[in-house]
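One structure is given here, and the rest of the page talks about it.
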Amino acid sequence: MPSDARLVPAPGFTPDLGVLVSMLEATRKTTLDAVRGLAPAQLEWSSRYRGWTLDQHLALLAQVREDSLQRLAQCDDAWLDQEFTLIEGTRVNFRWAWFHVFEDELSHRGQVLLIRNHLLPAFPSPVG
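Going left to right, the sequence shown walks through residues 23 to 150 as our numbering numbers them.
Structural data, given as structure tokens:
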């Protein structure tokens, strides 16, 4: 059956925020696909989370995402264009900040896939 991967505004959000939320969900799906089936020893990238199961990691990701969606639901598209200054003086807006969130998660997904596909050959990636 053909799938539908179009990015359309998620319900309950203004149009631009709705597309951003759809992009967040698509990104998270690929991250979850990348970590599916990994054992705790394969996830120990930080002493803070050492010994956590995959389910514990995923629960934390889900909670942070839920908190983010609740906060985003209170914003509108104009909020995305609000500017602020980073500590070192660079002017940015919230569109840039959320791009950085995507960039960070996708970079981590790439790291997981690299490790999974090249250092853990017994655990081939479920994603291409």
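We put the CB at the ideal spot given by N, CA and C, even for glycine.
The straight-line gap separating the alpha-carbon atoms of GLN85 and GLU127 is approximately 15 Å. Distance between GLU105 and LEU142, taken at the CA atoms: about 43 Å. In the assembly as shown, VAL43 is a buried residue. Its beta-carbon has 16 or more other beta-carbons within 10 Å. Less than 8 Å separates the beta-carbon of LEU29 from that of MET45. Of the other Cβ atoms in all chains shown, fewer than 16 fall within 10 Å of the Cβ of THR107; this residue is therefore exposed. Taken in chain order, the complete alpha helix (DSSP H) segments of 4 or more residues contained in the stretch 29 to 57 are 37 to 57. In the three-state DSSP reduction, GLU110 falls in the coil class, being neither helix nor strand. Here HIS130 has THR53 as same chain residues with Cβ atoms under 8 Å from its own Cβ, once five neighbours each way along the sequence are excluded.
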